[in-house]
Amino acid sequence: MISQVFILSSKGDHLIYKDYRGEAGSDVINIFYEKVTALTGDQPPVVMSHKDLHFIHVRQEGLYWVATTTAADSSPFTIIEFLNRLTALVKDYCGSLSEKSVQMNFALIYELLDEIVDYGYIQTTSSDVLKNFIQTEAVSARPFSLFDLSNVGLFGAETQQSKVAPSSAATRPIQSSREVNVWDLRSCLTVCPSLTEMRIGLNEEFSIGKSQLRGYGAAVRVDECSFHQAVRLDEFDSHRILRLCPSQGEQTVMQYQLSDDLPSAPPFRLFPTIERDTGGRLLMYLKLRCDLPPKSLSQELSSPDQSAELKLQSRAVHWMIPRFPGGTQLSALFKLEVPGLSSASMLEVGPVGLSFELPKLTVTGLQIRFLRLSPIQPGPSQRWVRYVTHSDSYTIRI
Amino acid sequence: MTDSKYFTTTKKGEIFELKAELNSDKKEKKKEAVKKVIASMTVGKDVSALFPDVVNCMQTDNLELKKLVYLYLMNYAKSQPDMAIMAVNTFVKDCEDPNPLIRALAVRTMGCIRVDKITEYLCEPLRKCLKDEDPYVRKTAAVCVAKLHDINAQLVEDQGFLDTLKDLISDSNPMVVANAVAALSEIAESHPNSNLLDLNPQTINKLLTALNECTEWGQIFILDCLANYTPRDDRESQSICERVTPRLSHANSAVVLSAVKVLMKFMEMLPKDLDYYGTLLKKLAPPLVTLLSAEPELQYVALRNINLIVQRRPEILKHEMKVFFVKYNDPIYVKLEKLDIMIRLASQANIAQVLAELKEYATEVDVDFVRKAVRAIGRCAIKVEQSAERCVSTLLDLIQTKVNYVVQEAIVVIKDIFRKYPNKYESVIATLCENLDSLDEPEARAAMIWIVGEYAERIDNADELLESFLEGFHDESTQVQLQLLTAIVKLFLKKPTETQELVQQVLSLATQDSDNPDLRDRGYIYWRLLSTDPVAAKEVVLAEKPLISEETDLIEPTLLEELICHIGTLASVYHKPPSAFVEGSRGVQHKRLPGSAGSGESADSPDTGSAAGVSEAPPAVIPSQGDLLGDLLNLDLTPPTTSGPPPAPSSGMQMGAMDLLGGGLDSLMGDESEPPPVPQRTDTPQSPQLSHQSPSPPDYSPTELGGDLGGSPAMGAGFGAPPTAMPASFPPPVSGGLDDLFDLGGSVGMPMGAYSPPKSIWLPAMKAKGLEISGTFARRAGVIQMEMTLTNKAMSIMTDFAIQFNRNSFGLAPAGPLQVLTPVGPNQSIEVALPLSTVGPVMKMEPLTNLQVAVKNNIDVFYFSSQYPISMLFVEDGKMERQVFLATWKDIPNDNEAQFQIKDCHLNSDAASSKLQGSNVFTIAKRTVEGQDMLYQSMKLTNGIWVLAELRVQAGNPNYTVSLKCRAPEVSQCVFQSYEAMLKN
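Chains A and B, in that order, give the protein sequences.
Oh and the first sequence: position 201 is 201 in the working numbering, straight run, nothing missing.
Oh and the second sequence: position 507 is 507 in the working numbering, straight run, nothing missing.
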């Protein structure tokens with residue numbers, strides 16, 4: 001049960017304060033702020049308590065989103081999930097998350113808070129349901145721009161006319177180090193006002209779990225899969241079709257995870273050599289190979305526009321590679337002057353972390369077979385399916 | 001025009017301006033004004049003066065404006081209750097509005113105005129709204145009942161809202177059901193006995209149906225409610241599990257975790273050999289793994305919960321080691337939590353992988369994390385024996401890095417490995433000694449000194465090493481000083497010739513120049529030991545030490561069970577039971593897993609025990625340690641209780657024990673004007689010598705101390721009695737045998753001891769937070785005794801024991817306090833005999849010999865009941881005169897005669913007679929008729945009731961017949977049972 005919800009700016013200004021159960025006063029806001037700013041790095045910030053009151057908070061876009069509770073049996077999981085949903089909702093309604101947008105839309109946010117939680121019980125966080133109740137119109141922090149679709153206010157008047165239904169299915173590995181992979185299939189739907197149902201067809205040989213192999217071809221296999229609650233799975237078992245009535249806003253339709261046997265080799269391999277030269281300098285020779293199939297022979301191959309920089313604060317070398325075609329190899333030699341370099345400190349070098357984006361590729365081989373809308377929209381509607389793999393943590397040890 | 005301008009008005013006279021705007025005719029202007037008011041309210045300005053003006057804006061058909069006004073009302077109504085009444089009419093009117101949004105809004109807001117006066121106006125509208133045709137209004141009204149209940153519980157009951165709410169559980173709309181469940185759950189918490197949320201298979205079925213339809217948040221309410229239900233049998237349990245399992249693939253991790261809680265709980269009821277059990281275990285792993293891909297905050301909460309689950313059911317995640325590997329960019333609190341789980345999952349199968357990981361971690365930059373990683377390597381070595389060698393070599397590699405804190409941590413850990421595998425890895429000592437100079441932390445220094453002392457005979461320059469530490473003796477921390485003292489004494493005992501000077505030096509440093517009583521006492525003990533009997537000293541100080549235990553840092557099983565019931569809640573994040581961090585009544589119910597709460601619930605509930613006073617049992621129950629000490633030192637062995645068992649045998653025993661020490665202690669005490677409080681140390685049996693954090697609390701088993709330290713517990717060893725029993729007035733191991741002997745000597749003509757049933761478990765550890773009590777009753781030398789074995793199966797020490805009885809049929813009451821004077825350590829058990837008197841308050845019990853007992857310790861009060869054999873109450877002067885017997889037999893009406901058969905008894909009449917006499921059943925006459933022996937017997941109960949018996953024994957027939965006559969016929973059944981027990985024993 002949630003006792004209060006409040007939003008603070010990073011400087012501790014009160015932006016929103018809503019009390020649901022009258023169990024504590026608004027003075028706890030300052031107590032929270034003192035506590036959270038006094039935290040040291042190794043203390044888990046997630047749950048903090050003050051007398052009978054427990055603070056649970058998340059930080060998004062520089063704002064503290066805090067809920068308090070007094071009941072011992074309330075679930076921090078529920079509350080964190082709720083706060084994350086709240087931030088998403090506010091973002092959907094106000095267009096962006098910032099101190100300014102929250103301030104400008106405070107009446108709307110109060111209205112939302114009133115509707116999504118009653119007496120500490122979470123009622124709904126679905127924007128479909130909420131749009132029946134919410135009266136206040138959002139004030140957009142920025143002028144509307146067609147090029148900036150992701151930041152457009154959902155209920156902004158202009159966008160509602162738009163027939164554009166951009167949908168991009170992106171796969172994003174949350175973690176891809178040491179053969180552990182968690183992937184995220186997201187479908188981002190921005191504006192589809194009269195849409196009733198969407199059908200997404202996945203590879204037919206898509207299988208979940210180890211035992212369940214289908215077909216003869218190279219199966220697309222994942223270990224575990226979870227779906228958004230709006231997804232109906234009646235055709236999933238037989239035809240691998242996801243049916244959903246998308247609500248407005250961005251949603252993660254399906255999330256899957258894969259560990260151990262990867263269907264393909266990891267996209268990058270690194271061959272590091274670390275040694276100490278006679279002058280006491282640290283030599284790092286890094287050879288990075290991209291093992292993706294060479295799709296197109298790139299012209300930039302001969303002149304990759306690379307740069308490298310030493311960040312003293314994080315004690316790291318950043319090597320930026322703007323473009324890296326499959327099947328090629330890059331190498332770099334870094335010479336570092338390290339005072340007091342000993343053989344033991346050689347052990348402290350590493351690991352190498354890679355962050356990258358791979359367009360037109362899913363590592364599992366998951367594909368969207370088709371994307372159908374019903375009933376058929378009058379007039380032209382456009383569909384985009386875009387595959388992107390983002391790295392989250394791709395770490396290679398030296 | 002944006003709303004942000006509302007925050008910038010700081011001019012004076014602002015309130016006045018707002019007032020004017022609020023009273024404006026233009027709707028737009030009004031709305032703007034109310035917005036400004038609310039903006040001021042948010043930043044903490046007092047705008048309560050505008051109350052009447054804002055309330056005036058309430059009567060509007062503009063929903064947006066209405067909402068804003070209501071927002072204001074909720075905030076200020078409490079401070080202006082009289083004004084709030086002004087709003088009531090509009091509320092009532094709005095509750096009848098054709099627009100369901102407005103109806104719901106009104107009923108929601110009214111509930112939030114926590115003003116007593118308006119609650120009575122709320123009742124009628126609420127009643128209507130609870131039956132509203134629109135589900136949105138109904139679900140809002142359901143929550144409103146909970147709000148109203150919080151303000152005025154009596155009113156809600158009187159108005160019958162609770163019944164309406166119960167009906168809503170069967171509502172057609174799942175959202176309404178979810179809110180009704182949530183409201184009822186909350187109301188039920190404040191009425192623990194009301195049975196409001198009557199969970200039976202029918203309602204459970206309804207809930208499970210609603211579960212599939214309602215929103216994700218509603219699913220959480222319902223799952224949490226389900227978790228409180230205890231299924232009747234394993235089949236029901238399985239069917240609920242089957243219907244809950246699909247929730248595991250929900251995208252909302254809170255739903256997943258609530259489902260995991262229900263499954264973990266109900267799994268307890270499933271038989272382990274069931275196929276479904278295995279399937280369920282397999283299904284639980286993937287969702288738990290998925291939780292780890294969320295934001296760090298959620299990950300942390302998930303990891304804390306997984307930590308509990310892994311301890312309870314390691315099999316679920318045993319193949320998922322890899323997901324707990326630490327990511328480079330994890331926040332430190334997530335890293336530490338993952339490390340902990342890795343160790344718990346470490347096994348022979350995956351140890352190589354784990355070690356490789358840990359070695360990597362040990363070279364990271366974060367100091368805390370590196371330390372923990374090094375410790376983790378040590379824990380792996382101790383947990384998985386096969387890996388020990390590899391762990392040691394890994395640690396040596398790390399020592400080679402010469403990174404100061406890594407080296408120190410590694411040395412502490414290696415000491416633990418030596419404790420687990422003695423005489424196996426001594427080859428590494430040389431490497432350790434090389435790093436002696438770099439150690440600056442007390443724990444690492446102490447560990448190193450311990451190693452040097454322990455293996456002094458293999459280190460050529462051990463004396464030099466220790467001497468170098470001795471130079472700065474007074475600058476060292478106590479931990480190091482104590483360790484140094486012990487190590488040098490060990491060294492002396494191993495190489496007496498070269499180190500005489502060194503030991504003199506350290507002893508004088510410890511005893512004369514130190515202010516620390518611990519150090520001084522230990523110094524004296526060693527000194528005295530060495531000067532009186534070096535051989536004994538050797539035996540004490542160099543005694544073999546027990547190995548340290550494997551599994552470490554575990555949560556106590558009983559606490560773990562409770563925490564499993566709280567998966568997903570705050571308790572699971574803090575790893576504390578809710579009672580530890582919530583004051584007041586709400587939500588503090590001890591939850592148990594269903595498997596453990598099966599039978600004997602009466603014993604569990606405090607209502608049955610009379611012992612209300614037990615919890616506040618006077619602290620004087622236990623004689624103060626000081627008295628005891630005096631007793632011991634003066635060899636004054638009078639037991640502290642007067643009505644205790646005969647002191648003779650036990651005192652003899654202790655005398656003997658004292659002799660072992662020779663005059664040592666005495667003369668030591670004689671030397672000192674102020675006797676050091678030696679035995680007081682026994683109540684803190686922690687090893688000052690060993691690091692407490694590493695690797696495990698079970699480090700300090702007192703026996704190990706005895707051998708190792710030669711400190712105060714060594715006295716226990718020297719006494720020849722286990723340390724736990726030392727201060728007790730009669731050593732328990734003796735009490736059984738010796739007292740029996742005493743009985744024999746004491747009452748002539750008793751060929752056999754009185755019958756006493758074997759010990760049975762009265763209080764299982766599951767019900768008493770780890771305290772197990774088994775016991776029996778006996779009559780020894782005319783004194784009724786309750787003989788108990790208290791076993792501590794928890795992980796922490798138990799102290800402050802006390803006992804009380806409920807009123808019972810024969811007025812049994814403890815004749816003295818419960819003599820548990822030493823704390824009972826983990827996995828220790830202690831024997832106590834409690835003498836009983838029969839002068840306590842009397843109340844007839846059912847069954848007659850039922851005894852309800854409350855036992856208190858430092859943890860809690862526990863209740864159990866046991867039945868005593870009535871033979872215990874047969875007094876020694878129960879032999880009736882023949883004439884009196886005859887007369888009484890005739891006198892007692894035949895209705896009171898009861899006849900019983902005892903089957904399969906192969907004694908002849910004489911043997912039976914003598915056997916019974918041992919338990920104070922006296923044979924008055926014997927008659928033989930037609931080959932049948934008739935024994936006439938009498939016995940007297942402590943309360944003066946006579947029981948007369950006729951025992952018929954036929955040679956060659958194993959079946960006896962007993963006829964019992966007594967003025968109080970209800971005892972006959974018990975007496976018969978005793979006969980059977982006595983004869984067959």
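Virtual Cβ for every residue (Gly too), placed ideally from N, Cα, C.
Next on the checklist: In chain order, what are the residue ranges of uninterrupted beta strand (DSSP E) at least 3 long that sit wholly in the region 330-363 of chain A?
Outcome noted: 352-354 and 357-359
Item to check | Nonlocal neighbours in the same chain, by C-beta distance under 6 angstroms from V971 (chain B), ignoring five residues either side | outcome: none
Checklist entry - For chain B, is any of its Cβ atoms less than 8 angstroms away from the one on C94 (chain A)? => result no
Item to check | Within chain B, the residues that A308 (chain A) reaches when beta carbons sit closer than 9 angstroms | outcome: Here the premise fails: no neighbours, minimum Cβ distance about 20 angstroms.
Item to check | Span separating the alpha-carbon of E385 (chain B) from that of P351 (chain A) | outcome: 31 angstroms
Checklist entry - What residue range is occupied by the uninterrupted alpha helix (DSSP H) comprising P135 (chain B)? => result P135 to I151
Next on the checklist: Let me check one thing: in DSSP terms, what residues is W416 (chain A) bridge-paired to?
Outcome noted: Because chain A in this structure spans residues 1 to 398, residue 416 (chain A) falls outside the shown range and cannot be described.
Checklist entry - Which runs of the beta strand (DSSP E) fall wholly inside the region 814-872 of chain B and span at least 3 residues, in chain order? => result 829-837, 850-856 and 861-867
Checklist entry - Is there contact between the region 848-855 of chain B and the region 805-822 of chain B, where contact requires at least three CB pairs shorter than 8 angstroms? => result yes
Next on the checklist: So E32 (chain B) contacts chain A; which residues on that side make the cut at Cβ distance below 7 angstroms?
Outcome noted: Neighbours of E32 (chain B) on chain A: none; closest Cβ ~10 angstroms, over 7 angstroms.
Item to check | Below-8 angstroms beta-carbon distance, A24 (chain A) vs any chain B residue | outcome: no
Item to check | Given L399 (chain A) as reference, the closest of A:L282, A:R289, A:L373 and A:T362 once Cα atoms are compared | outcome: With chain A covering 1 to 398 only, the question about residue 399 (chain A) has no answer from this structure.
Next on the checklist: I need the straight-line Cα distance from V334 (chain B) to L303 (chain B), nearest angstrom please.
Outcome noted: 8 angstroms
Item to check | Three-state class that DSSP yields for R419 (chain B) in the structure shown | outcome: helix
Checklist entry - Any beta-carbon of chain A closer than 8 angstroms to the one on G568 (chain B)? => result yes
Next on the checklist: Residues of chain B with CB closer than 8 angstroms to the CB of Y17 (chain A), please, in chain order.
Outcome noted: T42
Checklist entry - A444 (chain B) CB to nearest chain A CB: under 8 angstroms? => result no
Checklist entry - Which runs of the alpha helix (DSSP H) fall wholly inside the region 309-390 of chain B and span at least 4 residues, in chain order? => result 332-345, 351-361 and 367-383
Checklist entry - Do the CB positions of F864 (chain B) and L948 (chain B) come within less than 8 angstroms of each other? => result no
Item to check | Exposure of A38 (chain A), with buried meaning 16 or more beta-carbon neighbours within 10 Å | outcome: exposed
Checklist entry - When we look at the beta-carbon of C245 (chain A) and count the other beta-carbons within 10 Å, is it buried (16 or more) or exposed? => result exposed
Checklist entry - Which two residues bound the contiguous alpha helix (DSSP H) that contains H14 (chain A)? => result H14 (chain A) -> not in any alpha helix (DSSP H); beta strand (DSSP E) instead, spanning H14 to D19.
Next on the checklist: Report the CB separation of L470 (chain B) from V503 (chain B) in whole angstroms; it is logged as a contact under 8 angstroms.
Outcome noted: Between V503 (chain B) and L470 (chain B) the Cβ distance is about 10 angstroms, and since that is not below 8 angstroms, they are no contact.
Checklist entry - Between S48 (chain B) and chain A, is there a C-beta pair that is closer than 8 angstroms? => result no
Checklist entry - What are the residues that DSSP puts in a beta bridge with A963 (chain B)? => result Reading off the sequence, residue 963 (chain B) comes out as Ser, not Ala. Paired residues: B:Q899 and B:E950.
Item to check | Rounded straight-line distance, which links the Cα of T362 (chain A) to that of V388 (chain A) | outcome: 7 angstroms
Next on the checklist: Shorter than 7 angstroms, the distance from the beta carbon of E876 (chain B) to the closest heavy atom of the ligand ATP, or not?
Outcome noted: Among the ligands in the structure shown, none appear at all, so the ligand ATP cannot be discussed.
Checklist entry - Along chain A, in chain order, which residues have C-beta atoms closer than 7 angstroms to that of L68 (chain B)? => result A107
Checklist entry - At a CB-CB cut-off below 7 angstroms, which residues of chain A make contact with N806 (chain B)? => result Under the 7 angstroms cutoff, chain A gives no residues; its nearest Cβ is about 32 angstroms from N806 (chain B).
Checklist entry - Closest Cβ-Cβ distance between T209 (chain B) and chain A: below 8 angstroms? => result no
Next on the checklist: On the CB-based measure, 16 or more other CB atoms within 10 Å of its CB, does A259 (chain B) come out buried or exposed?
Outcome noted: buried
Checklist entry - What residue does the alpha helix (DSSP H) around M766 (chain B) start on, and which one ends it? => result Where M766 (chain B) is concerned, there is no enclosing alpha helix (DSSP H), given that its DSSP letter is neither H nor E.
Checklist entry - Along chain A, in chain order, which residues have C-beta atoms closer than 7 angstroms to that of R114 (chain B)? => result G22
Checklist entry - How long is the line joining the alpha carbons of Q400 (chain B) and V407 (chain B), rounded to whole angstroms? => result 8 angstroms
Checklist entry - Can you check whether the CB of D233 (chain B) is closer than 8 angstroms to the CB of P271 (chain B)? => result no
Checklist entry - Below 8 angstroms, can you find three or more Cβ-Cβ pairs linking the region 905-919 of chain B to the region 968-983 of chain B? => result yes
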